[in-house]
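The numbering used here puts the first residue of the sequence shown at 620, with every later residue one more than the last.
What follows is a single structure, written as structure tokens, with notes after it.
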Amino acid sequence: MSIEIESPMPGTVQEIFVTVGDRLDADEQIIVLEAMKMEHSIFTPAEGVVTDVLVEEDQKVEARQVLVLLESPE
Numbered sequence: 620m621s622i623e624i625e626s627p628m629p630g631t632v633q634e635i636f637v638t639v640g641d642r643l644d645a646d647e648q649i650i651v652l653e654a655m656k657m658e659h660s661i662f663t664p665a666e667g668v669v670t671d672v673l674v675e676e677d678q679k680v681e682a683r684q685v686l687v688l689l690e691s692p693e
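Written as structure tokens, this is what we have:
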């Protein structure tokens, strides 16, 4: 099952911790997003393999913009 991990709010991508092919467990931190001068961590909702990273560090993103694609075995 393909999972789209979205930005919960507009902001700027500060740090990306994953690359394509990484195997992740549920609740692993994948991105730090800066919004309103605060850092917000984005976590995986389920275990799976990263199939695409759609953003870069220092990129501005909108709310609900897809950041990472994850293929889950479920």
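Where a beta carbon is used, it is the ideal one built from N, C-alpha and C, also for glycine.
*asked:* Run through the DSSP bridge pairs and tell me what Lys679 is partnered with.
replied: BP columns for Lys679 point to Thr631.
*asked:* Quick check: what's the CA-CA separation for Glu653 versus Phe662?
replied: 14 Å
*Assuming Glu666 and Asp644 form a contact by the criterion Cβ under 8 Å, report the distance between their Cβ atoms to the nearest whole angstrom.*
5 Å
_Environment of Gly704 [buried if 16+ CB atoms lie within 10 Å]_ = Because residue 704 is not part of the residues shown, which for the chain are 620 to 693, the question remains open.
*asked:* For Ser660, report the span of its beta strand (DSSP E) as first-last.
replied: 657 to 662
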